[in-house]
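Right, one structure below, let's go through it.
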Amino acid sequence: MGGVALQTKERKSVSVDAFPKPLRGKWKSFIVRLWTTVAMLSAFFGIISAGHLWVSILIISLETAIFKEVVQLGQVSSKKELPFFRTLSWCFFFTALYFVYGKAVLANFEDRKLWFMKSYPLRFFFIHHTFVCFSLYCALFVAFVLSLKPSQYAYQFGVFARVHVAILIVVLQAHFMVLNTRQGMIWFLLPVSLVIVNDIFAYLVGFFFGRTKLTSLSPKKTWEGYIGGGIATTIFGYFFARILGRYPLMYCPKLDFMDCGFFCSASCKPSPIFTCFRKELPSFMRQFLIRLGRHAESSPYLHKILDACCSATGICVWWKDGSLDPFLDFIPMQIHSIFLSLFASIIAPFGGFFASGLKRAFKVKDFANLIPGHGGVTDRMDCQLLMGLFTYVYLINFVLRNTPDVGNLMSLVLELSTAEQLELLQELYQLLREKSIPADVLQQVMNESST
1146 MGGVALQTKE
1156 RKSVSVDAFP
1166 KPLRGKWKSF
1176 IVRLWTTVAM
1186 LSAFFGIISA
1196 GHLWVSILII
1206 SLETAIFKEV
1216 VQLGQVSSKK
1226 ELPFFRTLSW
1236 CFFFTALYFV
1246 YGKAVLANFE
1256 DRKLWFMKSY
1266 PLRFFFIHHT
1276 FVCFSLYCAL
1286 FVAFVLSLKP
1296 SQYAYQFGVF
1306 ARVHVAILIV
1316 VLQAHFMVLN
1326 TRQGMIWFLL
1336 PVSLVIVNDI
1346 FAYLVGFFFG
1356 RTKLTSLSPK
1366 KTWEGYIGGG
1376 IATTIFGYFF
1386 ARILGRYPLM
1396 YCPKLDFMDC
1406 GFFCSASCKP
1416 SPIFTCFRKE
1426 LPSFMRQFLI
1436 RLGRHAESSP
1446 YLHKILDACC
1456 SATGICVWWK
1466 DGSLDPFLDF
1476 IPMQIHSIFL
1486 SLFASIIAPF
1496 GGFFASGLKR
1506 AFKVKDFANL
1516 IPGHGGVTDR
1526 MDCQLLMGLF
1536 TYVYLINFVL
1546 RNTPDVGNLM
1556 SLVLELSTAE
1566 QLELLQELYQ
1576 LLREKSIPAD
1586 VLQQVMNESS
1596 T
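Going letter by letter, the sequence shown gives residues 1146 to 1596 in our numbering.
If you want it as structure tokens, here you go:
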């Protein structure tokens, strides 16, 4: 009998093929999406455990796949294939990658005193990084102008614009995700997980309870899924941040990725936002937990449940000495996670709506057919890029100890070699001395920064 068989109490089988065709298609799509989601999550957390370097490689690989899908959008007619035109698009992309990542990679090689960094070409590419990037762009720009064909002007300029928009949106925003990872893996894993959870629960709530359409750009999205996904994401984010905040690999900054291989470990003193604080609970909750704790004294099973609840949620009944006095144990990172969750639930989905509008403009269902039930990489990453940018902006404005502009500059300073950083320090010292700042004040600042 065709289809999936459902067993009744009378042991008779009922084929799913007997269900209405729209219902069969809906459940088939659900099952395919479920299995591919499990596979993607397994691979994702495997890469997370491998360490910061492999996460960065993952980000660059994903942005390469997104660029490929976006540029190929609308290339449906063989008559518009032009010699070397696609190659030009990829040359623009790799020039952008070199502009964003090349300096940091070469600076790392320079600090490690690798033998090939002594060669003149590589040293020129390292020291004159911006000039090399500009020269490459000019050469590609001239090549593009020379490649223009009278009968293909509209098509060629359309692809040229799409390439530059893709570079601006994809490469630049993905770079912020790498910068977030440097401040601690949690600043990459938590935002990504929030978007994933929001996507999953918005789909599930919409699948089972969705009635009211959210936007014409994406007919399958519903208000019920949008709201339900937001609630689930906020709850998940609050508790997941607490779990991640226990592990040094998550909260320790990692400014150098090259010293960390598979199953990377890290050690550092936790910053204040990862230090536990204890707060009093509202009186009605305290009274309830006190009663529950008294019952648990005669029930070992309930006692274990309450202990597990304390470890997972921070809502505790007993102190370490065993005294019955309920309290809330939390880390400030959980408060930050609420703001990240709200953005992932309210604003980030509009990245998906934007992508849906783009697909409708080109009359395609998905950006690609790479992932069964999900479409292409862009279909899964459309919200992640916007989320990564927000995380970076939030991080330098409300988390790092520096002022926002200094935090932004620090991300650039980290891409310099050690020799260049020392040169920058010397220039800053000279600049401050010219502003008549006493040497003892500068020395005091240096002493404070070293403690």
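Glycine is no exception: its CB is placed at the ideal position from the N, C-alpha and C atoms.
What residue range is occupied by the uninterrupted beta strand (DSSP E) comprising residue 1344? Here residue 1344 belongs to no beta strand (DSSP E); instead the alpha helix (DSSP H) covers 1331-1354.
Test item: CB-CB of residue 1490 and residue 1383 under 7 Å: no
Residue 1529 and residue 1340 look like a contact to me (Cβ under 8 Å); what is the Cβ gap, rounded to whole Å? 5 Å
What residues match up with residue 1367 in a beta bridge as DSSP calls it? 1358
Find out if the Cβ-Cβ distance for the pair residue 1321, residue 1537 is shorter than 7 Å. yes
Compare the C-alpha of residue 1355 against each of 1436, 1345, 1371, 1470 and name the closest. 1371
Closest Cα partner of residue 1392 within the set 1376, 1419, 1378: 1419
For residue 1398, collect the residues of the same chain with a Cβ closer than 6 Å to its Cβ; drop the 5 residues on either side in sequence, then sort them by chain order. 1328, 1329
Are the stretch 1234-1252 and the stretch 1274-1294 touching by the rule of at least three beta carbon pairs closer than 8 Å? yes
Using DSSP bridges, identify the partner residues of residue 1469. 1463
What are the boundary residues of the alpha helix (DSSP H) that residue 1424 is part of? Note, residue 1424: premise wrong, no alpha helix (DSSP H); beta strand (DSSP E) at 1422-1424.
Alpha carbon of residue 1224 to alpha carbon of residue 1502, nearest angstrom: For residue 1224, the predicted model reports a pLDDT of 48, less than 50, meaning its position is unreliable and no value from the coordinates is stated.
Under the three-state reduction of DSSP, which class applies to residue 1594: helix, strand or coil? helix
Pick from 1546, 1447, 1464, 1232 that is closest to residue 1424, judged by C-alpha positions: 1464
Just confirm the distance between the C-beta atoms of residue 1097 and residue 1270, as a whole number of angstroms; I'd bet it's less than 8 Å. Residue 1097 lies beyond the range of the chain shown here (1146 to 1596); nothing can be said about it.
Where the alpha helix (DSSP H) through residue 1575 begins and ends: 1563-1579
Could you tell me the boundaries of the alpha helix (DSSP H) in which residue 1215 lies? 1197-1217
Could you tell me which of 1267, 1292, 1416 sits nearest to residue 1232, measuring between CA atoms? 1292
Just the C-alpha distance for residue 1458 and residue 1431, rounded to the nearest angstrom, thanks. 15 Å
Count the other CB atoms within 10 Å of the CB of residue 1421; is the residue buried (16 or more) or exposed (fewer)? exposed
Output the boundary residues of the alpha helix (DSSP H) element that contains residue 1266. 1265-1272
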